[in-house]
Each structure stands twice: as C-alpha cells, then as structure tokens.
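Residue numbers (the working numbering): 11 to 310. Think of the CB as a built atom: it goes at the ideal place given N, C-alpha and C, for glycine as much as any other residue. All values reported here derive from a predicted model rather than from experimental measurement. Below is one structure, written out as structure tokens; the observations come after it.
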Amino acid sequence: MSSSLPFNTSTILDLFTPLPPDLEQDDTSPGFWAVLQGYSLLLPAESEQVQLPEGALPADIIPEEAPLRIGIWQGKPLRAVRIVDGAALPAGYEALPFQGQDIRLDNALATIAGRAAQILHWERRSRFCSHCKGELIRIPASWGKRCPSCSEVHFPHIHPCIIVLVRKGTELLLIRNAAWNPGRFSLVAGFVDFGESLEECVQREVREEAGIEVANIRYVGSQCWPFPSQQMIGFLADYAGGEVRPDGVEVAEAEWFSEDAMPASPGSKRSISRWIMETYSKNRDSCLISNHVLNRSISS
Ligand SMILES: [Zn+2]
C-alpha cells in the first residue's frame, strides 16, 4: 500500500503519537531527540543499535531555536531541534541523510526525521504574518497560527504535486531533468497550478515536459515528501497522441523505454517514483488484462 511508504504516517504508527505543539511544552520530562542538520538526522556514531538520542541534549549540540516537542516516540516525549548547516557535528555523532543509502537509517527513523523537518520548516516560516508583518501566535491545539494585528489565519503550507507513469504498449515514458546528471531518469512530475484538477495537472505536466497527450488517468497512491513540504500524488496514464519532445529547458531528455530495458531504478529508494515503477513491474501482467485489475492491484 502506498500509505506504508517512507515519510507517510503508517510507517511509524506503532512508534509515534503526534501531539499538538501547545500542549505542555514546558514539560521537562526526559525523552528522545530528533536533531536535524539540513535533511540529515544526527545519530550516535558507531552504535550497533541505531536509535534517537535519549535523555539530556548533549551540551555541544547548539540548537538554532528552542526545542519543540512534536509528540511521543516509543512512550517518551520527542523533541525536535535543528543545528546550523555546515556546523561541526558534536563529538560522537554522525549525520545520516534521510534519503541516503545508509541502511542504519531505517524507514521509521527517516520518517520521523522527515516529519520533524517539515514541522521545523513551517515553524521557521510562520513567525510573521505575510499580510501585515505582525508576529503570529499559535491557534490552540493546532499547527496553525493567527495574526493578532489583522486576524489573518495561517496553516501549514503543504504543496500538492502530481507524479505520473505514462505507458504506451510495453514502453514507459521517463524524463531527465536538465539539472540531473546524464543517465538519471525519473517520472514526469510537477506542482499543481491555479485552477487545476489533479487530472488536468497530469495532462499539462506531461504535455509541457514531454510534448505528448495522455488519457485514462488513474490514481495509484500518495506520499508525504518533506523536502521541504510536498504531497506527491501518484498516477498511471496511457499515451494518447503526439511525438515525445523534451522542452529543452526544464527537461533535457524524454524517452520511451522498453519495460525490459529500463535505466537504473528511477528516483531515490524511498520515493513514490521508485514505488510506482516497482509496483507496476510486479503487476504488469494483470494490467495487460484489464486497467481495472491494474488499478486495484497497484493501490492495494
Ligand atoms: Zn497580520
């Protein structure tokens, strides 16, 4: 199921209970720490069992802002802090990227780190009102903020993005972003624009990035993507016309690949891009029989 993808709540359902930020923030009972530097999580180096730091925050960790309790992790308070990008790491700690290949950072730790990063990102960007520049205060029991000066309310900014696997017979469309190294390919993706349904966004993004039309657009799953705060909404679609032609600006290459001769798995190992490709390849026999079967098997 897509809900069990890394960074989605189901991945940590048995480990973590979210709490509203204004509930007992002055509680000083000991607990765990999610210490972030950029999109890396600081963990005790060379320990056999990798776990979040517990107890007092080590003295040589200098948080950029006051710690923020974000919930309960394995029965104890979990507080999130961030240290300055590029700062030397405290003695005995290493920084593991959320999207990295280090197997010690399992999906649960990556997921809680992503959640902490997303929350800290919002907290940093919601100090002042974007309407009148007044200082914002918390709306009780919520991550939302309210402006005492002009009464505007502000809620976490989570940006919807579509991502789509386009197929033509036994061929699949992949693109290479102009900023990526040669040989790296992924699925067509992009932000939802004003006035668009998700299906319209899929059609526009495929048209803009690859120059072709698609039809028979089907939802397959979704993923929280905390880099910094996207909601990735995954689709399958069928080719419906036109010649593949990259835009030459955002997209350097757009090509049909045979299902049997794909480039290295697209996307990072924890991404919905990889999940869509792998789930599709496992279910493609059934999808040749019926789109309905494909839709059911790929989303269950
Ligand atoms: Zn205001």
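Leaving out five residues before and five after residue i in sequence, what residues of the same chain have Cβ atoms less than 7 Å from its Cβ?
i: Pro54; result: Pro63, Gly102 and Tyr103
i: Ser310; result: Note that Ser310 scores 42 on pLDDT, short of 50, meaning its location in the model is unreliable and no value can be drawn from it.
i: Gly252; result: Gly221, Ile222 and Glu223
i: Glu133; result: Leu78
Only counting the same chain, and skipping five residues up and downstream in sequence, which positions put a Cβ closer than 8 Å to that of residue i?
i: Glu219; result: Ile185, Val198, Gly200, Pro256, Asp257, Glu260, Val261 and Ala264
i: Pro192; result: Arg186
i: Leu3; result: Because the chain in this structure spans residues 11 to 310, residue 3 falls outside the shown range and cannot be described.
i: Pro238; result: Ala127, Gln128 and His131
Going along the chain, which residues of its own chain have a beta-carbon closer than 6 Å to the beta-carbon of residue i, five neighbours each way excluded?
i: Asn301; result: Residue placement at Asn301 cannot be trusted, given a pLDDT of 47 that sits under 50; what the coordinates show is reported in the next sentence. Nothing meets the Cβ criterion.
i: Pro100; result: Pro68, Asp70 and Ile71
i: Pro16; result: Asn117, Ala120, Thr121 and Arg280
With which residues is residue i paired in a DSSP beta bridge?
i: Arg156; result: Ile147 and Val163
i: Arg186; result: Glu263
i: Lys178; result: Glu181
i: Ile173; result: Ala199 and Gly244
i: Glu312; result: Residue 312 lies beyond the stretch modelled for the chain, which goes from 11 to 310, so this question has no answer here.
Is residue i near ligand 3, with its Cβ less than 8 Å from a heavy atom?
i: Ser232; result: For ligand 3, the structure offers nothing, since it holds only ligand 1.
Within the 9 Å Cβ cut-off, does residue i reach chain C?
i: Asp257; result: Although the question refers to chain C, the structure presented lacks it and comprises just one protein chain.
Quiz prompt | Residues with C-beta closer than 5 Å to any heavy atom of ligand 1, in chain order | solution = This selection yields Cys139, His141, Cys142, Gly144, Cys157, Ser159, Cys160 and Glu162.
Quiz item: Enumerated in chain order, which unbroken segments of the beta strand (DSSP E) with a length of 3 residues or greater are wholly contained in the segment 192 to 224?
Solution: Assignment of beta strand (DSSP E) within the segment 192 to 224, counting only whole runs of 3 or more residues, yields 198 to 201 in chain order.
Quiz item: Which full runs of the beta strand (DSSP E) of 3+ residues lie inside the segment 18 to 59, going along the chain?
Solution: Runs found: 26 to 28, 42 to 47 and 50 to 54.
Quiz item: Counting Cβ pairs, one atom from each stretch, are 3 or more of them under 8 Å apart for the segment 74 to 85 and the segment 144 to 160?
Solution: Contact between the segment 74 to 85 and the segment 144 to 160 is absent: fewer than three C-beta pairs spanning the two stretches fall below 8 Å.
Self-check item: Stretch-stretch touch, CB-based, cutoff 8 Å, three pairs: the segment 173 to 188 with the segment 132 to 141
Solution: Because the criterion of three Cβ pairs below 8 Å is not met, the segment 173 to 188 and the segment 132 to 141 do not touch.
Practice problem: Mind listing, in chain order, the continuous beta strand (DSSP E) runs of no fewer than 3 residues lying wholly within the segment 229 to 277? | Solution: Here the runs fully enclosed are 240 to 251 and 261 to 268.
Exercise. Starting from the N-terminal side, write out each stretch of the beta strand (DSSP E) that is 3 residues or longer and does not extend beyond the segment 79 to 118.
Key: You should have 86 to 92 and 103 to 107.
Quiz item: Is there contact here, the segment 233 to 248 with the segment 280 to 295, by at least three beta-carbon pairs under 8 Å?
Solution: Counting Cβ pairs under 8 Å, three or more are found: they touch.
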